[in-house]
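Residue numbers (this note's numbering), protein chains in the order written: chain F, 244 to 703; chain R, 244 to 703. A virtual CB, placed ideally from N, CA and C, is assigned to each residue, including glycine. Report on the structure given below.
2 protein chains.
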Amino acid sequence: MAEAAATRNGARRNRVVILGGGFAGINAAIELAKLSVDITIVDRKNYHLFQPLLYQVALAVLSPADIAQPIRSLMRDHPNIDVLMDEAVGFDLPERRVILKTGVELEYDYLIIATGSTHSYFGRDDWAKLAPGLKTIEDATEIRRRVLLAFELAERQMMETGTHPPLNFVIVGGGPTGVELAGAISDIAKLYMSKDFRHIDPSMAQVLILEGSPNILSAYPPDLQRKAGEQLNKLGVTFRTNAHVSDVRPGYVMVGDERIEAVVTLWAAGVQASPLGKLLGVETDRRGCVFVDSHLNPPGYPEIFICGDLAHVEENGRQIPGVAQPAMQMGRYAAKRISRLIAVSFGSDGTGKDEPFHYFDKGDMATIGRKAAVANIQWPFKGHWSGFPAWVTWLVVHIFFLIGFRNRLAVFRQWAWTYLTFSDGARLITGSQELPGWNEPEERSPVLTAKPLDIASPKT
Amino acid sequence: MAEAAATRNGARRNRVVILGGGFAGINAAIELAKLSVDITIVDRKNYHLFQPLLYQVALAVLSPADIAQPIRSLMRDHPNIDVLMDEAVGFDLPERRVILKTGVELEYDYLIIATGSTHSYFGRDDWAKLAPGLKTIEDATEIRRRVLLAFELAERQMMETGTHPPLNFVIVGGGPTGVELAGAISDIAKLYMSKDFRHIDPSMAQVLILEGSPNILSAYPPDLQRKAGEQLNKLGVTFRTNAHVSDVRPGYVMVGDERIEAVVTLWAAGVQASPLGKLLGVETDRRGCVFVDSHLNPPGYPEIFICGDLAHVEENGRQIPGVAQPAMQMGRYAAKRISRLIAVSFGSDGTGKDEPFHYFDKGDMATIGRKAAVANIQWPFKGHWSGFPAWVTWLVVHIFFLIGFRNRLAVFRQWAWTYLTFSDGARLITGSQELPGWNEPEERSPVLTAKPLDIASPKT
């Protein structure tokens, strides 16, 4: 089919459309930019987001601008790359066209679909407002708002009534995101906030992870799961496994018949693939990920590549996880494969290498607070690290993979500052000042005397 | 009355309530913290905002966290200061109580009202959605969103139809904010964005200031007005004086019968004082500013101080402008005056100094783009500066007055980076992707061939 396209187009340059400016899309584009092809990247957002650090935006350590870069700026030096802020909503596969939300159709010779995934509330989309997940910058600022606001409202209520609801933060899901959010909330409460409040003791905040499966960090080996559990407990974070959330309500969640109070509930449980996979009319798994062949093509479409979270790729009988490393590798693989197909279509003998995609697994890491992490290292040596060495490794790797020198510098500076001074980034509450499920006191003293805590009495 | 309060309270510590955590409120609090009084700062937001640099957040040079600091963090070292995230909605003046939005009442012995001002649309509040003003962080991110989105939509439309609406940015109001916004938009279009787009030429963007009075920067001396006009023109910014906007509509504004196309309209025209002034039942000017006596008290209330934008104070027959310097000075004055009143109430002879408030005017400055400014300097010498020297002065003064070492460092670094690399902060578009008044093309080519501009053809 690639040959046919080239013939049909005569000497015309091949057109590659990339849907999604995440790790897969950006890496594919940079690789493809070297070729004599015209590339269009389509994304709903105007920026590429370094998602592994998004939880630090949610907890006010970093600013959105530290971990995001406009796709346009990233592609500035590649004149054969177009960036279009739009959204794919359908395909005309026989005509090789992508249909965009604005109604425009985009022709392609090769198509890379890398539109990723979003949270899944397992059919309970009404939970979304009560328990935000963490995928976008908007999500991160919403989580920040809720967490910080909970402390503010507790302080106010304490001043008014002398009591406040317990500061219970509940995180549904014990994967890397859940664990990282939990550690960060615990840090913010215990390390950074305790001097800022006069009436409440922020370090009394409780963080609870509810994990449905038998283990937290279920993709990690058992010894690292155990280490992670120990490190979480050291931070004061508790977790329950085999805990299936049956309902999420304003102010609490239900696990079976048990009601668990939650001043803020966060969602780090389910993921579902972008709906574009299903629109291809090929087989998908239960999350909507597309089953692809060894060249990342959906069956019957050698000109279409599915990359990143949207692809269902198995290696050694295990599905490759939806994280940054495989997405980058898939993007680069697709670009190289397209390069080869074009060469063949222009008369190359095609006897060169035609390798299937192989995931080069360097390992996985998750941080637990500001001093610990677990790392399941696969390369350059195999090893299970935890604690401080794993955390330092995490730090170095994440700064290294940030796209753009400016971001690397900004994040490095901010981390150094935070670590040395115990003061995090500015904890700004923007947007609404309501918190779902926050119960204003029924009775309160009508007049507030505005007397701070007796400063002689120690709080801790 | 101050004596009466002290007597009534016996040996109890005096309670000072400060409404508003802006320049006046923060400076009053820091000064009052030295005294043996209990202080409560009430603000709707949890942060103090360095408003003079807000336009740089709006134009993606700085991040919100660079110019804002949680009030709590600023007051961390003052155990006698309480911070309450709430909003005053009324007063019980005879009982000396402030009524908060939550229904709680806050007792005071002394009250500082420094709730500032907001935009005024001269009774046309329906214009607010079409022409956002610049007072809050939310305003700044909304302006950023609109300005950046206009370029994205133009690029998309250009790809689809080969044409796009002219990129006309209209700013209503030619005071310092209008001039600073205009210069910054022109910079962003001409310096930073031109390499990022393939189909449109961002440097063709037009920025127009519509000023109702006979002069831009009407508070400045005529020679600086003229210089500012020249510097604006050099940046390609045009302005019209005596131009009264009669209507703001999606996609255009009306000046009399003339329709002026505007892909984005921004509001930098009217200001109105916080509604709290009127709730005091004393005389206010047409903007709602409270006429105060020489001690910043509204007539009849020596225990209440009005500071900052909300106060109508005249010196040499001219109203003191609603900017940062006088607000800081008023805040500090009120604190010192309260200190003196307390001393008197506790038996001091009161023969000490009892000076009226005097505004120590160091001058005014406004930047015009990234290399020029006008400065009407009053201290330490008198002078009218313009161009680059004024801009450097502006830079130094603004870094110096940023509250918090962290912010000073962050802003300095970001400015140095921007200036040296010609790359501004991350231009992220968050929130909705709709632009009021943007007309999607009626006819478009149904299929987009996604071919970038011929890279051999020079754009400029």
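In this structure, DSSP gives residue 644 of chain R a helical state, which the three-state scheme calls helix.
The distance from the Cβ of residue 470 of chain F to that of residue 629 of chain F is about 4 angstroms, consistent with a contact at the 8 angstroms cut-off. By alpha-carbon distance to residue 586 of chain F, the top candidate from F:422, F:261, F:280 and F:340 is F:280.
Taken atom to atom, the span from the alpha-carbon of residue 329 of chain F to that of residue 343 of chain F is near 7 angstroms.
The region 556 to 588 of chain R contains, as complete alpha helix (DSSP H) runs of 4+ residues, the segments 567 to 588 (chain order). Here the C-alpha atom of residue 478 of chain F lies approximately 22 angstroms from the C-alpha atom of residue 383 of chain F.
Interface residue (Cβ-Cβ distance to chain R less than 8 angstroms): residue 300 of chain F is not classified as such. Taking a cut-off of 8 angstroms on C-beta distances, the region 516 to 531 of chain F does not touch the region 306 to 315 of chain F, as fewer than three cross pairs fall below it.
Within the region 405 to 432 of chain R, the beta strand (DSSP E) runs of at least 3 residues that lie entirely inside it are, in chain order, 411 to 415. In the displayed model, residue 662 of chain F falls within a helix according to three-state DSSP. Here residue 504 of chain F is not near residue 445 of chain F, since their CB atoms are 8 angstroms or more apart. DSSP places residue 446 of chain R within a helical segment (H, G or I) once states are collapsed to three. Neighbours of residue 315 of chain R across chain F, judged by C-beta separation under 8 angstroms: 439 and 440. For residue 447 of chain F, the closest alpha carbon among the candidates F:434, F:654, F:627 and F:545 is that of F:434. 8 angstroms or more divides the Cβ of residue 365 of chain F from the Cβ of residue 417 of chain F. For the region 320 to 342 of chain R, the set of positions with a beta-carbon nearer than 7 angstroms to some beta-carbon of chain F reads 322, 323, 325, 327, 328, 329 and 340 in chain order.
Under the three-state reduction of DSSP output, residue 401 of chain F falls in the helix class. Per DSSP, residue 672 of chain R is not a residue of any beta strand (DSSP E), being assigned neither H nor E. At a cut-off of 8 angstroms between C-beta atoms, residue 428 of chain R does not count as an interface residue with respect to chain F.
Sequence-distant Cβ neighbours of residue 507 of chain F in its own chain, meaning closer than 7 angstroms and more than five residues away, are 389, 390, 393 and 412. Judged by DSSP secondary structure, residue 473 of chain F falls outside any beta strand (DSSP E) and instead within the alpha helix (DSSP H) spanning 465 to 477. Within chain R, no C-beta atom comes less than 9 angstroms from the C-beta of residue 361 of chain F; the nearest is roughly 16 angstroms away. DSSP places residue 513 of chain R inside the beta strand (DSSP E), whose first and last residues are 513 to 516. The C-beta of residue 591 of chain F comes no closer than 8 angstroms to any C-beta of chain R. Judged by pairs of C-beta atoms under 8 angstroms, the region 353 to 361 of chain R touches the region 546 to 559 of chain R, as three or more such pairs exist. Residues of chain F whose Cβ lies closer than 9 angstroms to the Cβ of residue 406 of chain R do not exist, since the nearest Cβ in that chain is about 14 angstroms away. Taking the C-beta atoms as reference points, residue 472 of chain R is found no nearer than 8 angstroms to residue 612 of chain R. Residue environment: residue 353 of chain R is assigned as buried (16 or more neighbouring CB atoms within 10 Å of its CB, all protein chains considered). A straight-line Cα-Cα distance of about 11 angstroms links residue 423 of chain R and residue 460 of chain R.
Taken in chain order, the whole beta strand (DSSP E) runs of length 3 or more contained in the region 330 to 404 of chain R are 331 to 335, 340 to 343, 348 to 350, 353 to 356 and 360 to 363. Between the region 650 to 659 of chain F and the region 670 to 684 of chain F, the count of C-beta pairs closer than 8 angstroms stays below three; the two stretches do not touch. Apart from sequence neighbours up to five positions away, the residues of its chain that approach residue 487 of chain F with a beta-carbon distance below 6 angstroms are 455, ordered along the chain.
Burial state of residue 603 of chain F is exposed, judged by a 10 Å Cβ sphere holding fewer than 16 other Cβ atoms. With its beta carbon less than 8 angstroms from one in chain R, residue 402 of chain F belongs to the interface. Listed along the chain, the chain R residues whose CB falls inside 7 angstroms of the CB of residue 617 of chain F amount to none; the nearest CB is some 29 angstroms away. Where residue 274 of chain R is concerned, the enclosing alpha helix (DSSP H) starts and stops at 266 to 275.
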